[in-house]
Amino acid sequence: MARCRVCHTRYDPDDPVDAARHRRLHDRVTRGLPRRPLAGERVLWQGDGLRVTVVAPAAPRAHRRRVEEIARIGAREMGYTGSPYSLREPPELQTHGFLGYRGGRLAGVFLLARRPVEAVAEWVEGEEPDGVAPRKGWRAREAGKGTAWSVDFLWVAPRYRRAGNGRRILTEAARYLGVLPPDLAWYPPFTAVGRRFIPTVSGSTFRVAR
Ligand SMILES: CC(C)(COP(=O)(O)OP(=O)(O)OC[C@H]1O[C@@H](n2cnc3c(N)ncnc32)[C@H](O)[C@@H]1OP(=O)(O)O)[C@@H](O)C(=O)NCCC(=O)NCCS
Ligand SMILES: [Zn+2]
Numbered sequence: 001m002a003r004c005r006v007c008h009t010r011y012d013p014d015d016p017v018d019a020a021r022h023r024r025l026h027d028r029v030t031r032g033l034p035r036r037p038l039a040g041e042r043v044l045w046q047g048d049g050l051r052v053t054v055v056a057p058a059a060p061r062a063h064r065r066r067v068e069e070i071a072r073i074g075a076r077e078m079g080y081t082g083s084p085y086s087l088r089e090p091p092e093l094q095t096h097g098f099l100g101y102r103g104g105r106l107a108g109v110f111l112l113a114r115r116p117v118e119a120v121a122e123w124v125e126g127e128e129p130d131g132v133a134p135r136k137g138w139r140a141r142e143a144g145k146g147t148a149w150s151v152d153f154l155w156v157a158p159r160y161r162r163a164g165n166g167r168r169i170l171t172e173a174a175r176y177l178g179v180l181p182p183d184l185a186w187y188p189p190f191t192a193v194g195r196r197f198i199p200t201v202s203g204s205t206f207r208v209a210r
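With our numbering applied, the sequence shown has no gaps in its numbers, which climb one by one up to 210 at the end.
Put into structure tokens, the structure is as follows:
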């Protein structure tokens with residue numbers, strides 16, 4: 001058995017069926033799912049080959065199913081099993097999926113939900129978050145107040161990174177939800193890349209959700 005270092009799929013390279021299964025998953029993890037927006041999917045932004053759509057909690061099941069599918073692909077790359085989004089999200093979270101489509105692919109997903117703000121935080125010098133430990137890489141500067149729109153999950157397919165797609169999807173998400181990007185909260189654990197991305201939205205201090 002082999003385990004791909006990119007898509008984390010375990011497969012038997014000598015078994016043609018298994019090897020084909022890996023190739024298909026690997027392609028989806030690196031470039032996204034081959035999908036175009038569904039009829040009725042609400043487009044928030046379109047330009048430079050990117051289309052951003054929103055899937056609200058009350059959206060049709062087929063739309064929510066799509067969020068579930070792409071979040072599962074993103075999680076696979078990050079080494080998690082399962083999907084960070086389900087068709088039965090707790091209603092109080094009001095989880096919204098923001099999808100990014102590029103080149104015939106569904107290539108990005110951001111999940112935003114209503115959560116209490118635990119703290120206003122800063123990054124800890126010399127301690128990288130690892131995507132697993134919820135309290136690693138940051139420390140509270142002061143206690144948080146109230147609730148906020150929290151970025152629970154964010155993923156752009158590797159092929160489309162560092163081209164402003166993540167920032168665009170989140171900008172449109174914040175506009176749709178009626179908040180300023182720096183007022184968003186972030187739901188731990190964080191990753192090393194997240195640590196580089198979050199300050200471009202929030203500045204040097206940021207709200208942590210619980
Ligand atoms: C985090 C993620 C969604 C960012 O998506 P993206 O489309 O690449 O982000 P953008 O191109 O909009 O980046 C905006 C800015 O963030 C910073 N940034 C993003 N990725 C970075 C990296 N790998 N290294 C350093 N800075 C980075 C840069 O300042 C970038 O602007 P620049 O390219 O003009 O320098 C994407 O890297 C990803 O899916 N990573 C894997 C999942 C993950 O780790 N999620 C974070 C969990 S906390
Ligand atoms: Zn692979």
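The C-beta atom is built at its ideal place from N, Cα and C for all residues, glycine as well.
None of the values given here were measured: they were computed from a predicted structure.
So does V29 have its beta carbon nearer than 8 Å to some heavy atom of ligand 2?
yes
Given a cut-off of 9 Å on the beta-carbon distance, is the pair A173 and V52 in contact?
yes
Does the Cβ of A121 have 16 or more other Cβ atoms within 10 Å, making it buried, or fewer, making it exposed?
buried
If you drop the 5 nearest sequence neighbours on each side, which residues of the same chain put their C-beta closer than 8 Å to that of N165?
L50, G100, R102, A107, G108 and V156
Spatially closest choice to E69 from V54, R159, Y85 and A59, by CA coordinates:
Y85
Going by CA-CA distance only, name the one from R195, A56 and A2 that's closest to G126.
R195
CA-CA distance, R135 and P16?
42 Å
Cβ of V54 versus every heavy atom of ligand 2: is any distance shorter than 8 Å?
no
Per DSSP, which residues does P116 bridge with? Please list them.
T147
Taking all protein chains shown into account, do 16 or more other C-beta atoms lie within 10 angstroms of the C-beta of D48, making it buried, or fewer, making it exposed?
exposed
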